[in-house]
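Working notes, structure below.
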Amino acid sequence: MDRPMEGGSLRSEGGQYERRKINDVVLVDGRRPPYVDRDHWIDYAIQSGVDFERLPRMPLWATAAGYSDAWYRSVVGSDLKRIRYLAQRPLAQEEAQHLAQHTANKCRATTHYTPMWMSATGYFWWKGWNSYRFPFFTPDPRSLEWVSKRLFSPVGIKSVYAPFIWHALRLISYSSISSWVMTIFFKSGPSAIFAAGLVNDKNLEGLNKDIAHFANERRRQQRTGMPTGPIGQPQMSTMGGEDEPPAAAPEQGDQGAAEFEQLQRQARPEDETLQRKVPAPARMPPRRRAEPEPQYNVDDDDPFDDGASPVAPSARRQKLDASTPVGGSAWTRLRTKAFVERTQEQANEGSAALPRTSSWEERRQQSLQGGSYTYSQERQPTGDDKGSAAAARSREQAQKEFDAMLERERKGSS
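Mapping the sequence shown onto full-length UniProt numbering, position 34 (from 1) lands on 34, and the numbers just tick up by one.
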């Protein structure tokens with residue numbers, strides 16, 4: 001059993017866990033507690049200026065059903081603390097009183113759980129008394145007699161008591177089904193009543209605007225990944241009550257901060273042990289980058305370009321490939337660079353060994369470089385044109401002499 005310690009702390013005799021009070025909120029091993037003392041929330045409601053005499057009282061059956069006046073007051077205090085956290089500001093006395101009114105309506109709706117559960121169970125249990133009806137099916141009386149003989153007789157139960165046993169089983173089954181259905185309804189119904197009253201209350205318009213503002217601020221900080229601080233703390237349950245009350249937002253205090261740091265230091269060796277036990281992830285092999293596709297200029301498909309010219313598309317493509325960075329290792333890049341340089345040298349040597357182009361081709365290239373495409377029929381021949389014509393005649397004469405020599409050798413051999 002737990003025994004109270006001085007300073008509001010609880011310590012188990014076996015040392016399995018320890019509760020400490022930090023800033024009026026009980027922490028269990030540094031985590032959120034399963035419950036907080038009722039007196040804490042009642043005192044908070046009184047300090048907020050709530051006048052319980054002005055609030056509606058609980059129904060007559062509330063105390064018999066387990067909903068005491070202390071539970072009612074503690075729920076009011078926990079809701080005030082939760083709304084104060086959502087608005088990020090203290091509550092005015094009138095705001096606290098109106099919030100307490102809406103919480104009282106929620107508590108009154110919650111107290112209807114027990115009578116409705118008992119009424120539903122008794123109604124369906126009594127309605128199927130003669131037919132031994134169970135939830136969702138009605139057994140055959142002959143099968144009940146057969147089961148009674150096979151199941152109850154061996155254990156010494158007389159057949160006279162068998163009907164009472166079957167009715168007891170029916171009561172348990174109907175009670176379980178009714179409790180499950182009522183729990184689903186009463187988990188959402190009272191909370192919806194409280195939320196609707198809070199939103200539609202004209203006296204709480206300013207409070208609703210503050211809650212909406214800080215809710216949007218929290219969502220914005222979560223999207224941008226910014227450090228949230230007190231605004232980005234996890235939200236608490238919307239269902240106020242004794243079972244799961246919201247933990248109070250920690251305030252600045254030297255004593256609370258020192259005790260909280262001590263709890264962190266106690267939990268740190270366990271985290272380090274877990275980190276040492278977790279094996280390091282296997283390293284993945286490096287992924288090779290895809291080879292870049294060769295880039296081409298728009299004017300590469302000019303039909304008037306000479307394939308043997310240094311400015312031909314092939315030569316321009318080689319220069320462009322040489323300037324393009326190639327992915328892969330350093331050795332691959334060096335080999336690629338050397339191959340491109342050798343290819344360029346071979347292309348330059350081949351273009352130098354080719355015969356000189358005609359004068360018409362030279363004039364065309366000069367006109368392209370100069371940016372002028374005009375042609376004049378009255379152009380006078382220049383010295384370059386005469387030299388080109390002489391060179392052409394020399395090549396023609398040499399070709400004729402070579403053909404004549406081949407003809408003489410052919411005739412001599414024949």
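Ideal placement from N, C-alpha and C gives every residue a C-beta, glycine not left out. From a predicted model like this one, the values you see are computed outputs, not experimental measurements.
R89 is positioned such that its CB atom lies no closer than 8 angstroms to that of D201. The beta carbon of Y113 is closer than 7 angstroms to those of M182 and F186 in its chain, skipping five residues each way along the sequence. According to the DSSP assignment, G128 belongs to no alpha helix (DSSP H), since it is labelled neither H nor E. Straight-line measurement puts the Cα of S175 at about 10 angstroms from the Cα of L169.
With fewer than three CB-CB distances shorter than 8 angstroms, the segment 125–142 does not count as touching the segment 101–109. Taking 8 angstroms as the cut-off, the beta carbon of W129 is found no closer than this to the beta carbon of L171. Comparing C-alpha distances from I83 to each of A215, Y123 and R38 shows the shortest one belongs to A215. For N105, the enclosing alpha helix (DSSP H) starts and ends at Q93 to T110.
The shortest CA-to-CA distance from W117 to any of Y161, S173 and W166 is the one to S173.
Burial is judged here by how many other beta carbons sit within 10 angstroms of a residue's own beta carbon; A62 has at least 16 and is buried. Rounded to the nearest angstrom, the gap between the Cα atoms of K81 and E95 is 12 angstroms. Taking 8 angstroms as the cut-off, the beta carbon of G77 is found closer than this to the beta carbon of I42. The continuous alpha helix (DSSP H) containing W166 extends over residues A162 to N200. Per DSSP, reduced to three states, the secondary structure at F137 is strand.
Note on geometry: alpha-carbon atoms of Q47 and H40 lie some 11 angstroms from one another. For the pair T224 and A195, the Cα-to-Cα distance works out to about 29 angstroms. In the three-state reduction of the DSSP assignment, A62 falls in the coil class. DSSP, read as helix, strand or coil, puts Q346 in helix. Look at Y67 here: in three-state DSSP terms it is coil, with no helix or strand label. A direct Cα-to-Cα measurement between E409 and Q346 gives close to 37 angstroms. Judged by DSSP in its simplified three-state form, P90 adopts coil rather than helix or strand.
Here the alpha carbons of W180 and S68 stand approximately 23 angstroms from one another. With respect to the 8 angstroms criterion, A70 and R38 are classified as neighbours on the basis of their beta carbons. Residue state for R57 is assigned as coil, using DSSP reduced to three classes. For L207, the enclosing alpha helix (DSSP H) starts and ends at E205 to T224. Judged by their CB atoms, K106 and P163 are not nearer to each other than the 8 angstroms cut-off. The Cβ atoms of I177 and P115 do not sit closer than 8 angstroms to each other. The three-state reading of DSSP puts S48 in coil, since its state is none of H, G, I, E or B. D37 sits in coil when the DSSP states are folded into three classes, being neither helix nor strand. For the pair N203 and R218, the Cα-to-Cα distance works out to about 25 angstroms.
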